[in-house]
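Going by UniProt numbering, the first residue of the sequence shown is number 1, and it counts up by one from there.
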Amino acid sequence: MDYDEYGKRDTAGERRKIVTNTITSLAAGIADSAHAGQRDKAGQPYIGHVRRVASYIDDPHDTAAVAAALLHDTLEDTPITAADLADRGIPAQVIAAVELLTRRENQSPADYYAQIRQHRIAREVKLADLADNTDPDRLAMLPETRRTRLLHKYANAYRALGANPADGHRRRAAHRRRVPG
């Protein structure tokens, strides 16, 4: 049995829980600040999308995936850089996933999805992102032409990731079971 410097019992699991909460809290704070005032395609606060993506991660105890989900659009849509994330204490594996999820200028969709498909955390986050982007309630807020174009784009993304569009429904349903109401 381990004890901390104050003589209190400190198990490895308890230490991991503290680290987990610290990393996800840190990522959530960065995301909140970075996306403050931003709106999504339907005019809703953008941070709602980021938080839903984090909630659609299959394993809510996968700290790296949840943190990457919270930060998944930070490098693409805000002035924050990967170096800024590192300076703020975000682990390298989370930053690597966020960098892969960031579309680069002149990067083909095939290259973008191929790199994501090869990285466990980035793929998990992208599938959670697609689950939110294909939510029928969110899509219903968009004009029909935009909705149709996006559904086609997202179906192609699922295929490129070797996944099925039904994955989005499964993730949303799993989230509702974990977070009733």
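Virtual Cβ for every residue (Gly too), placed ideally from N, Cα, C.
- Under the Cβ criterion (8 angstroms, minimum of three pairs), the stretch 140–156 does not count as touching the stretch 72–91.
- CA-to-CA, the gap between isoleucine 121 and alanine 65 works out to about 5 angstroms.
- In this structure the stretch 111–127 touches the stretch 156–171; the number of beta carbon pairs closer than 8 angstroms is three or more.
- Secondary structure in the stretch 50–81: the alpha helix (DSSP H) runs of 4 residues or longer, each lying completely within the stretch, are 63–71 and 74–77 in chain order.
- Taking a C-beta distance under 8 angstroms as the contact criterion, arginine 172 and alanine 140 do not qualify as a contact pair.
- Around the beta carbon of asparagine 106, a 10 Å sphere encloses fewer than 16 other beta carbons of the protein chains shown; the residue is thus reported as exposed.
- The shortest C-alpha to C-alpha distance from alanine 34 to any of Ile57, Asp62, His72 and Ala54 is the one to His72.
- Within the same chain, and ignoring the five residues on either side of alanine 69 in sequence, the residues whose Cβ sits closer than 6 angstroms to its Cβ are Val53, Ala54, Ile57, Val125 and Ala128.
- Non-local beta-carbon contacts of proline 45 in its own chain, meaning distances under 7 angstroms to residues more than five positions away in sequence, involve Arg39 in chain order.
- Straight across, the Cα-Cα distance linking threonine 74 with valine 98 is about 8 angstroms.
- A Cβ-Cβ contact shorter than 8 angstroms links glutamate 76 with arginine 103.
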